[in-house]
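Chemist:
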Amino acid sequence: MRMKDKVCLITGGASGIGEATARLFAREGSQIAVMDVDVVGGRRLVEELTANGYPALFLEGDVSEELSARHAVDNTLSHFGRIDVLFNNAGVSAIGDVVECPPEDWDRVMRVNLRGVYLMSHYVVPVMRNQGGGIIINMSSTIAVIGLVSRAAYAASKGAVLGLTRSMAADHSRENIRVAAVLPGTVYTPFVEGYLRSHFADHMDEAKDNLKKRQLNNELMSAEDVAQSVLFLASDEARFALGTALIIDGGVSTAKVFE
Ligand SMILES: NC(=O)c1ccc[n+]([C@@H]2O[C@H](COP(=O)([O-])OP(=O)(O)OC[C@H]3O[C@@H](n4cnc5c(N)ncnc54)[C@H](O)[C@@H]3O)[C@@H](O)[C@H]2O)c1
């Protein structure tokens, strides 16, 4: 059990990568607090975890709202008594280049993906300081280091999360608060499935095949694959991963196959 008795607060934990991480961390001995705007999905997951004997708590909340962020941290603390790991995972996307992306989409993406990471960390760092340390893992994306068409707001937000991660590592490593980022490539989650359904509804299989072809191993990455990377970053084995940007992307950012 690599996370025995650790308390982990996972934002966006009701679905996709967050949900897979919650399940994996629970199996590894962790006590889980899931924060999400999705009340139905979040409650369902937490009920299932607790029914299987894993300590878990659902916190309804929006990471981009100051009060929500503060309450989630306070409630996790009063329920479990400490916060060992914060996984800043909640995120949204928007399609379009800088011309196509309307200002309200830009603001929404920045609020959730960047302000959300800032706000949750703003309230969690003092808790970790008081207890003598902790680990914060921020969800960035491979898009922080490569360009991708039609994702202007999303790319900007994930690039900013990477910059914030490195600054947080510089600021807090000496306080025994380890900060790192995970940078997945395309992961087949409800996030990506929803995009494919809305843009390629009549040829989903072809769209999925095209995604596979971008990977060097010609396979779609699953939420569980990313959860394993998050587990590594959250574990004691990663004690030298300070400000680390862990890319897990099927090789998309490092090489390209021309056939
Ligand atoms: N799926 C991919 O290909 C991929 C690749 C790289 C990075 N990511 C990032 O991974 C993270 C998780 O993505 P996923 O694919 O699992 O998506 P998902 O849509 O399956 O899950 C995201 C979760 O975040 C929650 N959420 C959204 N806005 C929120 C808010 N304001 N406050 C609290 N919760 C909120 C959603 O309700 C949902 O449960 C996101 O930050 C995403 O940008 C995803």
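Going letter by letter, the sequence shown gives residues 0 to 258 in numbering that gives the first Met the number 0.
For every residue, glycine included, the Cβ atom is placed at its ideal position computed from N, Cα and C.
It should be emphasised that the depicted structure is a prediction, and the values quoted were computed from it without experimental measurement.
(1) Give a single yes or no on whether residue 109 has its beta carbon closer than 7 angstroms to a heavy atom of ligand 1.
(2) Using a 10 Å radius around the Cβ and a threshold of 16 neighbouring Cβ atoms, would you call residue 259 buried or exposed?
(3) Looking at the secondary structure, which residues open and close the beta strand (DSSP E) in which residue 190 lies?
(4) Whole angstroms is fine: what's the gap from residue 248's alpha carbon to residue 70's?
(5) Anyone know if the C-beta pair for residue 132 and residue 179 falls short of 8 angstroms?
(6) For my contact list, residue 152 and residue 119 are in at a C-beta cut-off of 8 angstroms; report their separation, rounded to the angstrom.
(7) Looking only at its own chain, which residues have a Cβ that is under 6 angstroms from the Cβ of residue 139, when we skip the five neighbours before and after it?
(8) Quick check on this structure: which residue in 24, 9, 209 and 127 has the alpha carbon closest to the alpha carbon of residue 89?
(9) Residue 18 and residue 222: beta carbons closer than 8 angstroms?
(10) Taking 8 angstroms as the CB-CB cut-off, is residue 4 touching chain C?
(11) Is it true that the segment 55 to 69 meets the segment 25 to 36, where meeting means three or more beta-carbon pairs spaced less than 8 angstroms apart?
(12) Closest to residue 134 by C-alpha separation, out of 125, 142 and 141, would be which residue?
(13) Looking only at its chain, what residues have a beta carbon closer than 6 angstroms to the beta carbon of residue 167, apart from the 5 residues adjacent to it on each side?
(14) Among 191, 225 and 113, which residue has its Cα nearest to the Cα of residue 209?
Modeler: In this structure, then:
(1) no
(2) As shown, the chain starts at 0 and ends at 258. That puts residue 259 outside it, with no answer to give.
(3) Note, residue 190: premise wrong, no beta strand (DSSP E); alpha helix (DSSP H) at 189 to 199.
(4) 34 angstroms
(5) no
(6) Actually they do not touch by this definition, with Cβ atoms about 20 angstroms apart.
(7) 157, 160, 161, 180 and 182
(8) 9
(9) yes
(10) In the structure shown, chain C cannot be found, because there is only a single protein chain.
(11) yes
(12) 125
(13) 178
(14) 191
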